[in-house]
Structures are given as C-alpha cells and as structure tokens.
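All remarks here apply to the structure that follows.
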Amino acid sequence: MSNAIELQDLHYRAGKSFAFTNLNLHVPTGSIYGFLGPNGSGKTTTIRVVLGLLRPRAGRVTVLGRDMPADAPSILARTGFVPEQPHLDPTLTVRETLRFQAAFYPSWDRTWAEQLLRSFDLDERLPFGRLSKGQKGKVMMLLALAQRPELLVLDEPTDGLDPVVRRDMLTALVDYVSQREATVFISSHLVHELERICDWVGVMDNGQLITELPMDRFKSGIKRLQVVQAPPDLAGTPFTLLARESNGGACESWIVRGWEPEMTMYFDGIGASLQTVIDLDLEEGFVELLRTFRAPRG
Amino acid sequence: MFDQIDPRSPTPLYAQIATRLRLAVAAAELRPGDALPSVRQLAARLRVNPATVVQAYRDLETEGFVEMRQGAGTFVRDVQPDKRASERARQAVALVRRMLADAGRLGVSVEELHAAITEEIEVRTP
Amino acid sequence: MFRVILYSQWKWSRFIIGLGTVAGFGLPILSVQSATRTGDHPLQAGELLQTIQSWGALYPVLAAALAVLVAIATWAPDHRGRHVHALTLPLPRWRYALLRFGAGLALLAPPVLAVLIGAGLATALAAIPAGLQGYPVALAARFALAVGVGYAVFFAISAGTTRTASAILLVIGALIVIQVVARVAAVDLDVVTRLQILLVNWPGPLAIFTGRWMLIDV
Chain A
1 MSNAIELQDL HYRAGKSFAF TNLNLHVPTG SIYGFLGPNG SGKTTTIRVV LGLLRPRAGR
61 VTVLGRDMPA DAPSILARTG FVPEQPHLDP TLTVRETLRF QAAFYPSWDR TWAEQLLRSF
121 DLDERLPFGR LSKGQKGKVM MLLALAQRPE LLVLDEPTDG LDPVVRRDML TALVDYVSQR
181 EATVFISSHL VHELERICDW VGVMDNGQLI TELPMDRFKS GIKRLQVVQA PPDLAGTPFT
241 LLARESNGGA CESWIVRGWE PEMTMYFDGI GASLQTVIDL DLEEGFVELL RTFRAPRG
Chain B
299 MFDQIDPRSP TPLYAQIATR LRLAVAAAEL RPGDALPSVR QLAARLRVNP ATVVQAYRDL
359 ETEGFVEMRQ GAGTFVRDVQ PDKRASERAR QAVALVRRML ADAGRLGVSV EELHAAITEE
419 IEVRTP
Chain C
425 MFRVILYSQW KWSRFIIGLG TVAGFGLPIL SVQSATRTGD HPLQAGELLQ TIQSWGALYP
485 VLAAALAVLV AIATWAPDHR GRHVHALTLP LPRWRYALLR FGAGLALLAP PVLAVLIGAG
545 LATALAAIPA GLQGYPVALA ARFALAVGVG YAVFFAISAG TTRTASAILL VIGALIVIQV
605 VARVAAVDLD VVTRLQILLV NWPGPLAIFT GRWMLIDV
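In structure tokens form, the structure reads like this:
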C-alpha cells in the first residue's frame, strides 16, 4: 500500500456555500504530510471525509488500503485522530478518559500512556472539562498516540496553544514517528512548525488542492530574484514567472518557479542584471503560491 | 549544540545537522567511540522528521566520520588528525566567505571589515 | 467496552437514578399508609381504592421522568463533542448506539426493582379489606414497560438522528394501526391479543402511561 490516504475525484457539497469538486490527494505511507491552507479552504472538511465523518457526493476514499466509509471501523482501529475542538466527555477525569479509550483499542499501550501522562505533566484526577486548552490538547494527543496507530490525522492540533505546549506535543509526535513506521497527516496554518517535520506538502485553497509535492521540491522550487533594469516586456522565460514587483528605481523583485542555476544567462540576454537569488522559506513560498493562484490570469 | 538549526535557511536541515556534527568531531567535542544521540532522541529534541536525522547520520557515515552499528547506535570513528584539521579549515573558509558576502551587501569595505576583526580579536583574547 | 460506557453514563445520571430509586420504593409504601395505620378501624374498600388511585397517578409521571432524563443523560456525553468522539471510535454506529441503549436500560433497573420491592412490601403490610387484592407484580411490570417504552422513544429522539427517531415512531404507529384494524375487522389475531395481554391497555404501547395504576384493586 503505497498511499496511506488516497482521495480520488472527490466531490463534496455542503449547502450552497462550500463545495469541492474533483479533489485528488495522496498521502504516501510513512510520510509526514503537512496540509496547509488558509482558514475556510476546506482542510477540516477534507479531514472529516477521510475519517468517515462526512460522506462525499462522488469519488473514492481509500485509507490504509481500505474503503471509507464501508470499512470505517477497521480503519479507525488503526487511525489516531486529534481534532481541532475538544470532543471528549467533560465529566470524566483524565484517568477515566484513558480507561474509556483503552477499552476500544486492542493495540492500546498502557506503559506508553503512563509515560506520556508523566511527560505531559497532566494531573489524572482532574475532569477533562476543567483542564486548560493546552492540557486538553495534550490529552487528545495522548489518546491518539497511546493507541499506537498506523495513521495519525491531526486537525490544527496546536492552534491557539502556547509555544511550550506546542513544543511538547510536536516532540511527542516526532518521538512516536521515530519509534514506528507511521504516517502523519497534519493540517495547520502554523507553517513554520510544519516546516521542520514534514516531508510532503499539500496546499489547499478554496476547496482545491493547488499543489502537492515533497517538501524539499516545494521549498527549492520557488525563489525570489532581485533583478535590475529588466525590460517591461519579456518574450519567453525559461522559468515560470509568478509575480513581478518594483522595489523602487530600476530594481525589481521577481517570484519564479522552476529556477535552475544555469538560467542566470537569460538575464544577460535581455540586458538586465540578476543581483541575488533568494530561497523562500515555507511560509513565504506558501503565501506567494496563494497569491499567484488567486490572481486573475491575463 | 544544535540551537543554530534553522529550517528557514536555504541549507537543508539534514545538511545543517551533519555540518554541526562534523565540526564537533573536528573540534574534538565528540571523541572517537562516543555515541551520537539516537535518531529518536535527536529528532524529538530538534522536533524534526526522523528521516532528516537518519540522512544526516548516513552522510556522515559515507564521509567516514561515524559508523552506524545495527541495534547499538551511531558512534564516532577514529578520524585522522589531519582530516579534522582540514574540516576545521573548510569551516573557517565557509565562515569567511559568508562574512564577505554579507559585508558586500551592506556596503562594508574589506578594510573596514579587517579593522573590525582585529579589534574584536583583541577584545576577546584575554 | 460496555463497562466503560456504563460508567460514563452512570456519572451523568447517578443523581437521577438515586432519586428515582427512592421515589420508586416510597411511592407504593406511601400509597397504602392509610391502610396500615393500626388502631384505626379498617378502611372501607371504596376509600382505599380512592387513595390508591390518586397515588397511582404518580407512577406514570415517575416513569416518564425517568425515561426522559435517563435518555438525555445517555447521549449527554456525546452531545457536547457533537458526536465526533463516538464517530471516530472503531466500531459500527449501530453497535455503539446499542451499547448506550443497553447501559441506559441497566441503569433503569434499580428504580424498577425498587417499585417491585416497594409494591410487594406495601401489599404484604397493608390490611387489605375483603374483596380486594394486591397486584404488586402486575404494577411493577407495567411500570417497567412504561419506563422501557418511554426510554426507547426518548433515546432515539435524544440521539439526534431524525432517521432513527422516525423509524421508532413508525414501528409504534404500525402497532397501533394493527390493533385498530384488528378491532375493526373483529379479527382474532393471536399476536394482537398477546400484545394486549402484555400491554394491558388499549389502544397501544404509549397508552401504557394512561389509565389507572392500581396497586390494590378488585
């Protein structure tokens, strides 16, 4: 099974406001896939479809080699989920919550659950409803990890949490992935957090997956060029010119895709001079990608 | 040791980790026989993809700085002193190159740079 | 799995169950206190039946209250999280619903048993005038059925899925229709008569709540 999650020609509609058509997405097995996109782009909806919480109008959803929603119970037995909003019974204490969850998963690891409880510094006697937001996040992460899943799906797990909690949760996540072969599908708009750990990136905007590729190709693919004295009209560029901005005077900032080092010769040909080539980090690349994707063609 | 790891830098993360470790071996911070942190520990500490750490360690193994022993971990190899010296020299050149490039961009002349270096060295050397 | 579900529902409904059990035990006892007063001349049959009948009106109220509250408490833990937790557990939805339903029924057992024990005790201790009889078992059985039926209906409604709620109401409606048709056609349907004997009343299951609840009767 090469892809842990596969969405093929997915069509979904919820009322008049939101829909996606022809969504195709692949999460390779064993990868840490960062699912990026602005708010409202459809990330949570996609995740819900993957978990069988929502039924698509058309298309195929294959998770861990099985069909969703037909095989939902067997898929969910091997999938850990950390949702955006706390979804657990607020009256149960942390200890009781763990006991509840453990009853449903034969793969539950009690020793590791205890370890995480200690490293997350959680008071097991407190009812879930009375925990702070960060502690709730940690509990939900704990539940998903102690289950020892093959696939972890996280929907903005660190959203609104302080940096210390975020660090703890990501550390636990990375620790888990280094212990066993697991696939992680994590959505977030905290781009720099994902930058460190993800090896695949999928960008969603307005119900469409506008790009999906390995992280290093995404990062190296988009660059900013500082160009001086470029003519207003350009015949044909060897790279894809995504945007062109004036920096004042004859200096311009170009955002390009598909840059190769040999292409510096192009600038000699048009009588301009290339000053620097700057790598964009993930966040900048993401912003530029969205900007060009949303700009009217023409 | 690893606080300079910067995901936003154009250098890939695995290369940054490998460089830092290479330097540690060259500067004898890590001695032959010392164990490197396990992939799991280092990945968790840096909050990076474990595959990144594995790649760094593999690169170091190819270059002959460490050896990965199945089941036991990754250990520093006996590295020739001149190899360590040449590694340090390489790092020094890279540092100077970066400094000159930055200076050029800021409009600092070589003479001004030289003066600043001399002053700083005097200040730092007791 | 059943144990942890039962535990979580217990946490939500223990107060209701406690009160319901006390009330269920006390109701029959209180209804015959006029007949157990020593020293007084024994009550006339008519007076006793009056008291029994007026107290009897509280049984359906108690049954309905227990049914509604326990049904709500059954789904309360899931409602807060919009059922997301339950839906991401590795078991089919119907099985989960069945476990919740069963847990609710298990929790309703103590109040029902309390009625049985209280009714038994009441009829044993009361000085019943000649010509009258105590029906503790029948009363308790009727109470159990009322609670069961009410709980099933409110369970479906409380689950929040209109589909299940309509299905259940449809079944109840069908039972009513069968009985009506049987009556009108004067057909002696075995099923219907057995149902009638079980449910005691006409025209249907929900009517179990109406009518007179007599611990002691002719």
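Chains as they are written, first to last, in this note's numbering: chain A, 1 to 298; chain B, 299 to 424; chain C, 425 to 642.
Here a beta-carbon is modelled for each residue, glycine too, at the ideal position from N, C-alpha and C.
- About 5 Å separates the beta carbons of Ser-107/A and Arg-148/A, which is inside the 8 Å limit, making them a contact pair.
- The DSSP-derived three-state label of Glu-245/A is strand.
- Secondary structure of Trp-518/C (DSSP, three-state): helix.
- With respect to chain C, the C-beta atom of Ala-172/A has no partner C-beta closer than 8 Å.
- Residues of the stretch 320–343 of chain B with a Cβ closer than 7 Å to any Cβ of chain A, in chain order: Val-337, Arg-338, Ala-341, Ala-342.
- Nearest CB-CB separation between Val-165/A and chain B: not below the 8 Å threshold.
- Taking 4 residues as the minimum length, the alpha helix (DSSP H) runs contained wholly in the stretch 339–411 of chain B are 348–361, 379–404, in order along the chain.
- Annotated as distal: Pro-305/B and His-26/A, with beta-carbon spacing of 8 Å or more.
- At least one CB of chain B lies nearer than 8 Å to the CB of Asp-281/A.
- At a cut-off of 8 Å between beta carbons, Trp-436/C contacts chain A.
- For Val-508/C, the closest Cβ of chain A is nearer than 8 Å.
- Spanning the alpha carbons of Ala-235/A and Leu-225/A requires a straight line of approximately 18 Å.
- Rounded to whole angstroms, the gap between the alpha carbons of Arg-343/B and Asn-24/A is 35 Å.
- Contact annotation, Arg-99/A with Val-428/C: C-beta distance approximately 6 Å; criterion of less than 8 Å satisfied.
- Residue contact check for Leu-411/B against chain A: no CB pair falls below 8 Å.
- For Trp-254/A, the enclosing beta strand (DSSP E) starts and ends at 251–257.
- At least 8 Å separates the CB of Leu-404/B from every CB of chain A.
- Bridge pairing for Lys-223/A: Val-256/A, Asp-279/A [DSSP].
- Chain order gives the chain A residues near Ser-432/C as Asp-89, Leu-92, Phe-100, where near means a beta carbon separation below 7 Å.
- Residue ranges of uninterrupted beta strand (DSSP E) with 3 or more members, entirely inside the stretch 161–213 of chain A and ordered along the chain, are 183–187, 200–205.
- The CB of Cys-198/A comes closer than 9 Å to the CB of Asn-347 in chain B, given here in chain order.
- Gln-135/A counts as buried, since at least 16 other C-beta atoms from the protein chains shown sit within 10 angstroms of its C-beta.
- Note that the C-beta distance between Tyr-12/A and Arg-60/A is not below 8 Å.
- Pro-516/C counts as exposed, since fewer than 16 other beta carbons sit within 10 angstroms of its beta carbon.
- Under the rule that a run must span 4 or more residues, the alpha helix (DSSP H) segments found entirely inside the stretch 24–58 of chain A read 43–50.
- The stretch 326–339 of chain B makes no contact with the stretch 240–256 of chain A; the number of CB pairs closer than 8 Å stays below 3.
- Using a CB distance cut-off of 8 Å, Gly-528/C does not count as an interface residue toward chain A.
- In the same chain as Ala-230/A, and ignoring 5 residues on each side of it, the C-beta atoms closer than 7 Å to its own belong to Glu-252, Ile-270, Ala-272, in chain order.
- In the DSSP assignment, the residues bridged to Ser-273/A are Val-228/A.
- About 11 Å separates the CB atoms of Val-201/A and Ile-210/A; that is not less than 8 Å, and the two are not in contact.
- Chain B places no beta carbon closer than 8 Å to that of Asp-109/A, leaving this residue out of the contacts.
- Residue environment: Asn-347/B is assigned as buried (16 or more neighbouring CB atoms within 10 Å of its CB, all protein chains considered).
- No Cβ of chain A is located within less than 8 Å of the beta carbon of Pro-484/C.
- For Asn-3/A, DSSP records a beta bridge to Pro-28/A.
- With respect to Ile-552/C, Ile-453/C sits apart: the two C-beta atoms are not nearer than 8 Å.
- Between Ile-222/A and Leu-274/A, the gap from beta carbon to beta carbon reaches 8 Å or more.
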